[in-house]
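*Asks:* Take this structure first; my questions come after.
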Amino acid sequence: MDDKSISFFDVTRSSVSFYMFLISLQSTLIVSACNNLASLAISPQLYIICKRLCALFARQSSRQSTVT
1 MDDKSISFFD VTRSSVSFYM FLISLQSTLI VSACNNLASL AISPQLYIIC
51 KRLCALFARQ SSRQSTVT
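One point on numbering: in the UniProt record's numbering, the residue at position 50 of the sequence shown is 50, and numbering is uninterrupted.
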């Protein structure tokens with residue numbers, strides 16, 4: 001394993017904390033910021049993770065806005 005490889009656990013841990021960060025902000029502006037971040041992602045895997053988190057967050061925030 002070389003130094004440049006990112007372990008699955010590191011990616012998962014950072015993704016979970018990033019998702020919790022998005023949830024705490026509760027803002028639709030963050031979705032566009034997340035999409036921008038995804039386009040800047042270093043590796044294709046991180047790009048996919050960011051896009052999935054964005055979609056998840058968008059669904060979560062729209063569901064919460066319809067409930068309230």
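The beta-carbon is built from N, C-alpha and C at its ideal position, and this holds for glycine as well. Quick caveat: nothing in here was measured; it's all calculated off a predicted structure.
My output table needs one value for Ser32: the three-state DSSP class, helix, strand or coil.
*Replies:* For the purposes of this step, residue 32 is taken as residue 32 along the sequence shown, with counting starting at 1. Three-state result, Ser32: helix.
*Asks:* Looking only at its chain, what residues have a beta carbon closer than 6 Å to the beta carbon of Met1, apart from the 5 residues adjacent to it on each side?
*Replies:* The residue given as residue 1 occupies position 1 in the sequence shown. Note that Met1 scores a pLDDT of 48, beneath 50, so its modelled location is shaky and nothing firm can be said.
*Asks:* So is residue 87 buried or exposed if we call it buried at 16+ other beta carbons inside 10 Å?
*Replies:* This structure gives no information on residue 87, because the portion of the chain shown stretches from 1 to 68.
*Asks:* Quick check on Ser43: does DSSP put it in helix, strand or coil?
*Replies:* Along the sequence shown, read from residue 1 onward, the residue named residue 43 stands at position 43. Reduced to three states, the DSSP call for Ser43 is coil.
*Asks:* Just to check my reading of the structure: Ile49 and Val16 have Cβ atoms closer than 8 Å, yes? What is that Cβ distance to the nearest angstrom?
*Replies:* Within the sequence shown, numbered from 1, the residue matching residue 49 stands at position 49. Within the sequence shown, numbered from 1, the residue matching residue 16 stands at position 16. Incorrect: roughly 11 Å between the Cβ atoms, too far for contact.
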